[in-house]
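Undergrad: Take a look at the following structure, please.
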Amino acid sequence: MEARHLSPIDHIDHNLLDTFVQHGLPDALAPLQHTLATRLVHPCRLSVIWLDRGTRRIAACIDASGRRKAPGQHDPQHVDDSPALRACIQRRAPVPRPSKKDRLIAWIAEDDFLPLVCLPLQRGDTILGALIVLQRADATLPPGADAELQAWLPMMATLLVHEIDAIHGLFGAIRFARDFTLMRDTETGQHQLRIGGYARILARALEDAHGLDERFAQEVALYAPLHDIGKVGIPDELLLKPGKFDAEERERMQAHAANGAALIDRLIEDFGLAGNPRIDTLRAIVAWHHEYLDGSGYPEGRSGDDIPLATRIITICDIFDALTNVRAYKQRWSLDEAFELLKSMADKSQLDKECMQAFLSQRKRLTEVWHNYATSGV
Numbered sequence: 005m006e007a008r009h010l011s012p013i014d015h016i017d018h019n020l021l022d023t024f025v026q027h028g029l030p031d032a033l034a035p036l037q038h039t040l041a042t043r044l045v046h047p048c049r050l051s052v053i054w055l056d057r058g059t060r061r062i063a064a065c066i067d068a069s070g071r072r073k074a075p076g077q078h079d080p081q082h083v084d085d086s087p088a089l090r091a092c093i094q095r096r097a098p099v100p101r102p103s104k105k106d107r108l109i110a111w112i113a114e115d116d117f118l119p120l121v122c123l124p125l126q127r128g129d130t131i132l133g134a135l136i137v138l139q140r141a142d143a144t145l146p147p148g149a150d151a152e153l154q155a156w157l158p159m160m161a162t163l164l165v166h167e168i169d170a171i172h173g174l175f176g177a178i179r180f181a182r183d184f185t186l187m188r189d190t191e192t193g194q195h196q197l198r199i200g201g202y203a204r205i206l207a208r209a210l211e212d213a214h215g216l217d218e219r220f221a222q223e224v225a226l227y228a229p230l231h232d233i234g235k236v237g238i239p240d241e242l243l244l245k246p247g248k249f250d251a252e253e254r255e256r257m258q259a260h261a262a263n264g265a266a267l268i269d270r271l272i273e274d275f276g277l278a279g280n281p282r283i284d285t286l287r288a289i290v291a292w293h294h295e296y297l298d299g300s301g302y303p304e305g306r307s308g309d310d311i312p313l314a315t316r317i318i319t320i321c322d323i324f325d326a327l328t329n330v331r332a333y334k335q336r337w338s339l340d341e342a343f344e345l346l347k348s349m350a351d352k353s354q355l356d357k358e359c360m361q362a363f364l365s366q367r368k369r370l371t372e373v374w375h376n377y378a379t380s381g382v
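So this is what it looks like as structure tokens:
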């Protein structure tokens, strides 16, 4: 099979990586905050100041509770707006007890919390931001706590950077796999853009009903383009066959889901991603995106709650994209026809009805994605 030009996929870029890291930081901060509160400073709060990549501009403040806020018009925007942050980054060393008059500290500290230390977060020679430890104003540090805290600081920074490295590793592995699939055909890039866009829209529409945050939509959109990675092992004469498959050909085509899961398992092993909960979502999408809630899908005949929400989302988006674009074996359906078929599949309990209702509610936005990345010649 001849390798073809890799189309740029603007959903997966440095900005998305930074957002992905920001959404992953609370998971790393929470156990550190708990340990620190148990051993030394109770109550306390840990916050990360994240900088825009390659600049000294403040991108966001993220804390262990999952709160993430970007600076507003009257908030500190730049490293130089904060003496504590500037000193911390210039010296590449902790700054103890920064003043609460510092604009940055005043922005992130609630009235009843005081800053204990601001220390830099760096990955190699790159400064990523800073970790700020805050203590409630009425709390008293036990004897020797200052010295013990100083001993803890390098470990906390190292653990945070290790989590960031793990996210970079996951992201790099996904990007590698995505580029691998782009070698398939010239339409694959457009398909990836569409299904990533559809998945993000549908996942965001379901956030409130399922108590999810923005990270869920980010992850689903990131993983969506890899759902058919198992098709890289299918020869062109079968994949691009103009017409119906016979029984043997259909079986070979359906094997792409299991083959894709095997590729993800290999990726997990080769990139050292075992135990990363985020990779489980990717595997579920790749392995089960042809499963139906009534058990009539493939390859395992899963049903009901055995099919995760992320997979249910991709199933709807994949069917919609297949229907509304030209394939070797079919002409495209109209958007109206595609929505009607999806509704009928939900009525038959093949597709998730809640997901389908959310999908229909986003018709305008979905149509915009379709128009932006429609198959050429359609």
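Under the working numbering, think of the first position of the sequence shown as 5, with each following residue one higher. By construction, the Cβ of each residue, glycine as well, lies at the ideal position given by its N, Cα and C atoms.
1. Using only CA atoms, which one of Ala-221, Arg-95, Gly-201 lies nearest to Leu-210?
2. Give the straight-line distance between the Cα atoms of Ala-278 and Ala-266, rounded to the nearest whole angstrom.
3. Just the Cα atoms here: how many angstroms apart are Ile-93 and Asp-84?
4. What number of angstroms, rounded off, separates the C-alpha of Trp-156 from the C-alpha of Ala-228?
5. For Thr-130, name the three-state secondary structure that DSSP assigns.
6. Alpha carbon to alpha carbon, how far is Asp-150 from Arg-101?
7. What residue range does the beta strand (DSSP E) around Trp-383 cover?
8. Rounded to a whole number of angstroms, what is the C-alpha to C-alpha distance between His-38 and Ile-268?
9. Indicate the three-state DSSP secondary structure (helix, strand or coil) for Asp-22 in the structure shown.
10. Hey, could you find the ends of the alpha helix (DSSP H) Ile-168 is sitting in?
11. Could you spell out where the beta strand (DSSP E) holding Ile-66 opens and where it closes?
12. Roughly how many angstroms separate the alpha carbons of Ala-110 and Lys-104, rounded to a whole number?
13. DSSP three-state call for Ala-113: helix, strand or coil?
14. Under 8 angstroms, do Arg-61 and His-82 count as touching if we go by C-beta distance?
15. Arg-336 by DSSP, collapsed to three states: which one?
16. Nearest-angstrom Cα distance between Ser-365 and Ala-181?
17. Using DSSP with H/G/I as helix, E/B as strand and the rest coil, what is Glu-372?
18. Which residues in the same chain have their Cβ closer than 7 angstroms to the Cβ of Asp-106, if we skip the five residues on either side of it in sequence?
19. If you compare alpha carbons, which of Arg-140, Glu-223, Pro-147 is closest to Ile-178?
20. Let me confirm a value: Met-159 is counted as buried when at least 16 other C-beta atoms fall within 10 Å, else exposed. Which label applies?
21. Apply the 10 Å Cβ neighbour rule to Ile-30 and answer buried if 16 or more other Cβ atoms are within range, or exposed otherwise.
22. Keeping to the same chain, check which residues put their C-beta closer than 8 angstroms to that of Asp-169; ignore five residues upstream and five downstream.
23. Under 8 angstroms, do Val-290 and Gly-234 count as touching if we go by C-beta distance?
24. So, helix, strand or coil for His-293, using DSSP?
25. Measure from the C-beta of Ala-251 to each C-beta in chain D and report whether the shortest distance is under 8 angstroms.
26. Is it the case that the Cβ atoms of Leu-50 and Ala-68 are separated by a distance below 8 angstroms?
27. Thinking just about the alpha-carbon of each residue, which of Trp-374, Phe-117, Ala-350, Pro-124 is nearest to the one in Val-99?
28. Check whether the Cβ atoms of Gln-77 and Trp-54 lie closer than 8 angstroms to each other.
29. Could you pull the start and end residues of the alpha helix (DSSP H) that Ala-314 belongs to?
30. Check this for me: beta carbons of Leu-118 and Val-45, under 8 angstroms apart or not?
31. I think Leu-297 touches Ile-317, with their Cβ atoms under 8 angstroms apart; what is that distance to the nearest whole Å?
32. For Arg-71, which three-state DSSP category applies?
TA: Taking the structure as given:
1. Ala-221
2. 14 angstroms
3. 10 angstroms
4. 39 angstroms
5. strand
6. 11 angstroms
7. What is shown of the chain runs 5 to 382, which leaves residue 383 out entirely.
8. 34 angstroms
9. helix
10. 149-185
11. 62-67
12. 6 angstroms
13. coil
14. yes
15. coil
16. 32 angstroms
17. helix
18. Ser-86, Pro-87, Ala-88
19. Glu-223
20. exposed
21. A small fix is needed here, since residue 30 is Pro in this sequence, not Ile. Pro-30 should be labelled buried.
22. Arg-127
23. yes
24. coil
25. Although the question refers to chain D, the structure presented lacks it and comprises just one protein chain.
26. yes
27. Pro-124
28. no
29. 313-327
30. no
31. Between Ile-317 and Leu-297 the Cβ distance is about 13 angstroms, and since that is not below 8 angstroms, they are no contact.
32. coil
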